[in-house]
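Presented below is the structure to which this report refers.
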DNA sequence: AAGCCGGGGGA
DNA sequence: TCCCCAGGCTT
């Protein structure tokens, strides 16, 4: 593989075929950083509206650092992987207070910030500062695995380091920003996971998998285990026209987000008494269960969830939370100001209808 | 080295 | 249904 030929063909294709994306209209390192964080494990089309809102609302690290984490999570609501928002918020505080609001252009310094790993560092510093650092993401691994018929499974633990070597050997030292984006753009538009458009690929003449008709065999991937299933009973507890909302701990799954209190169950629906007792342990409240409102299903990365939602009434007691971080008695209107995760959003329409609005 | 962490869209 | 997306952190 001659790197010069590879670069020339790839960059020539990118110059005429790249998409116009919001974060390609700026040279602001902070804005590019925000885009890269949002794009982790997230499709371009999904990230675009979040990116626009985020930059409008928090145009500089200082604006982000000054913001309440709850408002940041609210803006992130629905995007998932909420630790990204918490880390970005923390990192903005460090940039604002220790680096005079300037994104560090030194890889080691930048990568020391929370949420900044090898990919983010290489992406932001190459695109914003022209540093010659090769990115390795899912696209890059797929393109290189086909190009060079690399047998290493891309989803195995050490895959990043394995693919970093050839990527570093190929990156164009004169155009690192365009080069990195070009490999990823090629992976997104041409060298797709399924049905790659090899006929339109500028690298097809260099590609071993294309030559051997083995494109479908790459990238190699370790088999994934199928996700287990969990069942939850969720309580909408009404008291004087308001409902009890609780905030999850800042760490762990959906950290810092709000929800209606819930308890794990075995999947049986009949045991309202057991449900009320578990809710009493969870919230400190004695409740009466009126009826089941609806059932929702939601898929997380590592498990699937079925949730039965029950309309309940507060009977006695003051709120004493077992696992939650805090609580509020909310109306539907005030609930809308809190960051709520997707599984709860899935029954908002049914809840609004039941409450007569 | 392995496990954890969301949500969506295409096939 | 399954796949997989501009990954990083914790243990």
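Residue numbers (the working numbering): 967 to 1323.
Glycine included, each C-beta is placed from N, C-alpha and C at the ideal position.
Tell me which residue opens and which closes the alpha helix (DSSP H) that residue 1059 is part of. Taking the first chain and counting its residues from 1, one reaches residue 1059 at position 93. Where residue 1059 is concerned, the enclosing alpha helix (DSSP H) stretches over 1049–1064.
Would residue 1217 and residue 1307 qualify as a contact pair, given that the criterion is a beta-carbon distance under 8 Å? Working through the first chain from its first residue, we reach residue 1217 at position 251. Working through the first chain from its first residue, we reach residue 1307 at position 341. Cβ atoms of residue 1217 and residue 1307: not closer than 8 Å.
Within a Cβ cutoff of 8 Å, which residues of the same chain sit near residue 1251, ignoring the five residues on either side of it in sequence? As a working mapping, residue 1251 is identified with position 285 in the first chain. Within the same chain, residue 1251 has close Cβ partners 1203, 1210, 1245, 1280, 1281, 1282, 1283, 1284, 1285.
Taking the DSSP output, what are the residues bridged to residue 1201? Here residue 1201 refers to the residue found at position 235 of the first chain. For residue 1201, which the question treats as bridged, DSSP gives the partners 1276.
Three CB pairs or more closer than 8 Å across the segment 1169–1178 and the segment 1108–1120: yes
If you reduce the DSSP assignment to three classes, tell me which class residue 1330 lands in. Residue 1330 cannot be examined here, being either before or after the span of the chain that is shown, 967 to 1323.
Rounded C-alpha distance that separates residue 1093 from residue 1071: Taking the first residue of the first chain as position 1, residue 1093 is located at position 127. Taking the first residue of the first chain as position 1, residue 1071 is located at position 105. Approximately 11 Å, taken between the alpha carbons.
Counting pairs of Cβ atoms below 8 Å between the segment 1072–1085 and the segment 1135–1152, do you hit three or more? no
By Cβ distance below 8 Å, which residues in the same chain neighbour residue 1012 in space, the five residues on each side in sequence not counted? Position 46 of the first chain, counting from 1, holds the residue named residue 1012. Once the five neighbours on either side are set aside, the close Cβ partners of residue 1012 are 1045.
Kindly indicate which three-state DSSP category residue 1260 falls into: helix, strand or coil? The sequence position of residue 1260 within the first chain is 294, counting from 1. Correct three-state label for residue 1260: strand.
Cβ shell of residue 1062 (< 6 Å), same chain only, five flanking positions each side left out: Here the question's residue 1062 lines up with position 96 in the first chain. Excluding positions up to five away in sequence, the list reads 1027, 1028, 1031.
Excluding the 5 residues preceding and the 5 following residue 1163 in the sequence, name in chain order all residues of the same chain whose CB lies nearer than 6 Å to its CB. Here residue 1163 refers to the residue found at position 197 of the first chain. Here the set comprises 1156.
Within its chain, find whatever has a CB closer than 8 Å to the CB of residue 1073; leave out the 5 residues flanking it on each side and keep chain order. Mapped onto the first chain, residue 1073 falls at position 107. For residue 1073, where only same-chain residues beyond five positions count, the Cβ hits under 8 Å are 1087, 1088, 1091, 1097, 1099.
Taking only the alpha-carbon atoms, compute the straight-line gap between residue 1227 and residue 1129 and give it to the nearest angstrom. Looking up residue 1227 in the first chain gives position 261. Looking up residue 1129 in the first chain gives position 163. Computed Cα separation, rounded: 44 Å.
What first and last residue would you give for the alpha helix (DSSP H) that runs through residue 1302? Here residue 1302 is taken as the residue at index 336 of the first chain, counted from 1. Per DSSP, residue 1302 belongs to no alpha helix (DSSP H) and is neither H nor E.
Give a single yes or no on whether residue 1170 has its beta carbon closer than 7 Å to a heavy atom of the ligand NAP. Among the components modelled here there is no ligand, and therefore nothing to report on the ligand NAP.
Beta carbon of residue 1193 nearer than 8 Å to that of residue 1262: On the first chain, position 227 is the one that residue 1193 refers to. On the first chain, position 296 is the one that residue 1262 refers to. Contact flag unset, no.
Considering Cα atoms alone, identify which of 1277, 1295, 1303, 1161 is closest to residue 1319. Numbered from its first residue, the first chain carries residue 1319 at position 353. Selected option, being the one with the closest Cα: 1277.
To the nearest angstrom, report how far apart residue 982 and residue 993 are at their CA atoms. The residue given as residue 982 occupies position 16 in the first chain. The residue given as residue 993 occupies position 27 in the first chain. Their Cα atoms are separated by approximately 20 Å.
What number of angstroms, rounded off, separates the C-alpha of residue 980 from the C-alpha of residue 1242? Here residue 980 is taken as the residue at index 14 of the first chain, counted from 1. Here residue 1242 is taken as the residue at index 276 of the first chain, counted from 1. Roughly 60 Å between the two C-alpha positions.
Using beta-carbon positions only, say whether residue 1080 and residue 1056 come within less than 8 Å of one another. Within the first chain, numbered from 1, the residue matching residue 1080 stands at position 114. Within the first chain, numbered from 1, the residue matching residue 1056 stands at position 90. Cβ atoms of residue 1080 and residue 1056: closer than 8 Å.
Starting from residue 1213 and walking both ways along the beta strand (DSSP E), at which residues does that stretch end? What you label residue 1213 is simply residue 247 of the first chain in a count that begins at 1. Under the DSSP assignment, residue 1213 falls in the beta strand (DSSP E) whose first and last residues are 1208–1213.
Residue from 1041, 997, 1167, 1049 with nearest C-alpha to residue 920: Since the first and last residues shown for the chain are 967 and 1323, residue 920 lies out of range.
6 Å CB neighbourhood of residue 1054 in its chain, flanking five on each side removed: Indexing the first chain from 1 puts residue 1054 at position 88. Closer than 6 Å at the Cβ level, and outside the excluded window around residue 1054, lie 1003, 1081.
Just mark residue 1185 as buried or exposed, buried being the case when its beta carbon has 16 or more other beta carbons within 10 Å. As a position in the first chain, residue 1185 is number 219, starting the count at 1. Buried, because 16 or more other Cβ atoms sit within 10 Å of the Cβ of residue 1185.
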